[in-house]
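Below is one structure; the comments refer to it alone.
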Amino acid sequence: MLWWCLSSSIICCTKTNKMQMAESRIISSVINNYLGDQRVQKQIRSLQKFGFETEVIATDLRGNPKLNFDYPVQIIRLSNQDGMRMYLEFNRKLFIRLMKTVKKGDVLIANDVDSLLPNYLVSKIKKVPIVFDSHEIFSELPSLTGRKFRKKIWKMLESSLVPKMKYFYTVSEGYADWFENEYGNRPEIIMNVPQIQTETHHLLDIELPKTKENEKILIYQGAINISRGIDKMILAMEQIENAQLWIIGNGPKKEDYQKLTSEKKLDSKVRFIGAVSPDQLKLITPKADLGFSLEEDLGISYRYALPNKIFDYIHAGVPVLGTNLPDIKRTIENHKIGRTISDHTPGHIAKIANEMLAEGKKIYFENLKKATSVFNWANEEKKLEKIFSVFKVSDQL
61 MLWWCLSSSI ICCTKTNKMQ MAESRIISSV INNYLGDQRV QKQIRSLQKF GFETEVIATD
121 LRGNPKLNFD YPVQIIRLSN QDGMRMYLEF NRKLFIRLMK TVKKGDVLIA NDVDSLLPNY
181 LVSKIKKVPI VFDSHEIFSE LPSLTGRKFR KKIWKMLESS LVPKMKYFYT VSEGYADWFE
241 NEYGNRPEII MNVPQIQTET HHLLDIELPK TKENEKILIY QGAINISRGI DKMILAMEQI
301 ENAQLWIIGN GPKKEDYQKL TSEKKLDSKV RFIGAVSPDQ LKLITPKADL GFSLEEDLGI
361 SYRYALPNKI FDYIHAGVPV LGTNLPDIKR TIENHKIGRT ISDHTPGHIA KIANEMLAEG
421 KKIYFENLKK ATSVFNWANE EKKLEKIFSV FKVSDQL
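Each residue of the sequence shown is one higher than the last, beginning at 61 in my numbering.
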């Protein structure tokens, strides 16, 4: 029935105008504030390049910045900004929005399990295909530790829907292995890596902290949440001299970490920049001498994570100080782009960071350059095109 509907739409379109045949429309939905969602933005640009019409449904989660994209971005207003009420509100409103938006011939992308149920239901009701992109293992997030009821809900949802996903991809080898072992459904791997930048036409439009002569910059970029090692980075700054730590991003733990910074009288050494757009981030990251990725092993989702910040550091020519979790450690050590810690004590983090700052980032330059050619979106884009090629109208005629 699904393919009959798609074929009918194609035939109708062909009869109307064979010379102006349009590809299917891709509708991607995500709970995030869209300004900083680099993965979804990259995918949408690629899908446009492949000839698809695109549309995004996102939210005003923790901010409502002005958006400027050459495709429609619908924003769902959330009165609840955290907790289960937020997820319930988002799922209800997303279902309604999709029901109003989706037409015959469309293709849905659900980004993570928190948007999967509305997309799945609408795909069945409207008889359109669904693609699932799992950025993490949702039922194994550290935020669910000790919350048995909430974990059970997400696990039931995940175990009910993930095995049904025909078109399915994720961000790391560890995640793919886990999904295959847990649900018998192995996703494709499309890493969350940047595009190679040849030139930029953007100017820095935010004011950055002032630095002293020869003062080093350490950087963390991403969500400000538990299990990212951010509190340990802050405490490590007590033992790192002539340096600032720039924390770029927003999240539920931001106020707590700002309070910790003040309590330790580190306000001059730890600076919270806030959320910035991907274009602005590309101008800021190269200023750093060292990039942190210190995720903690507080759940399977983090254990097998391969954060995009690591690849952002690589492309910016910034050596990485990373955690010793499997995919992160393997990436750093195989490509010799930095070092890894053996534990999360602030003293140990400070020791390794001081050693790397003393070495300087120039000694990592050639390895970072080589890694950029391996970890870039042009390579991942080919895998994305293969997945979505089955939805191209021209291939079905």
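All C-beta atoms, glycine included, are put in the ideal place defined by N, C-alpha and C. Here the structure is a predicted model, which is why all the values come from computation and not from measurement.
In this chain, Arg122 is not harboured by any alpha helix (DSSP H), its DSSP state being neither H nor E. Here DSSP, grouped into helix, strand and coil, assigns Lys164 to coil.
About 5 angstroms separates the beta carbon of Asp174 from that of Ile91, a gap short enough to meet the 8 angstroms contact definition.
For the pair Lys422 and Gly398, the Cα-to-Cα distance works out to about 11 angstroms. In its chain, beyond the 5 residues on either side, Ser353 have a beta carbon closer than 6 angstroms to the beta carbon of Pro367. Uninterrupted alpha helix (DSSP H) stretches at least 4 residues long and entirely within the stretch 334 to 374 occur at 338 to 344 and 360 to 363, given in chain order.
With a contact defined as Cβ atoms closer than 8 angstroms, Tyr94 and Gln108 miss out at about 15 angstroms. In the structure shown, Lys276 adopts extended strand secondary structure according to DSSP, grouped into three states.
Two segments are said to touch when three or more pairs of C-beta atoms, one from each, lie closer than 8 angstroms; by this definition the stretch 278 to 288 touches the stretch 338 to 355. Taking one beta carbon from each stretch, the stretch 323 to 335 and the stretch 305 to 315 have 3 or more pairs nearer than 8 angstroms; the two touch. Going by beta carbons, Asn285 and Arg99 fall outside the 8 angstroms limit. Here the alpha carbons of Asp120 and Lys160 stand approximately 19 angstroms from one another. With fewer than 16 other Cβ atoms from the protein chains shown falling within 10 Å of its own Cβ, Asn128 counts as exposed. Asp339 has its alpha-carbon roughly 31 angstroms from the corresponding atom of Asp357.
An exposed status is given to Thr405, since fewer than 16 other beta-carbon atoms sit within 10 Å of its beta-carbon. Phe451 and Ser84 have their C-alpha atoms some 7 angstroms from each other. Between the stretch 407 to 419 and the stretch 296 to 305, the count of C-beta pairs closer than 8 angstroms reaches three or more; the two stretches touch. Counting of Cβ neighbours within 10 angstroms places Asn436 among the buried residues, the total reaching 16 or more. Membership of Ser220 in the alpha helix (DSSP H) is indicated by the continuous run Lys208 to Leu221. Each residue's CA atom was taken as its position, placing Leu428 and His375 some 7 angstroms apart. Going by beta carbons, Glu218 and Phe198 fall inside the 8 angstroms limit. The closest CA to that of Asn171, considering only Thr230, Gly206, Glu445 and Lys184, is found on Thr230.
Burial check for Arg363: the Cβ neighbour count within 10 Å reaches 16 or more, so the residue is buried. With contacts defined by Cβ atoms closer than 8 angstroms, Met146 and Leu138 form a contacting pair.
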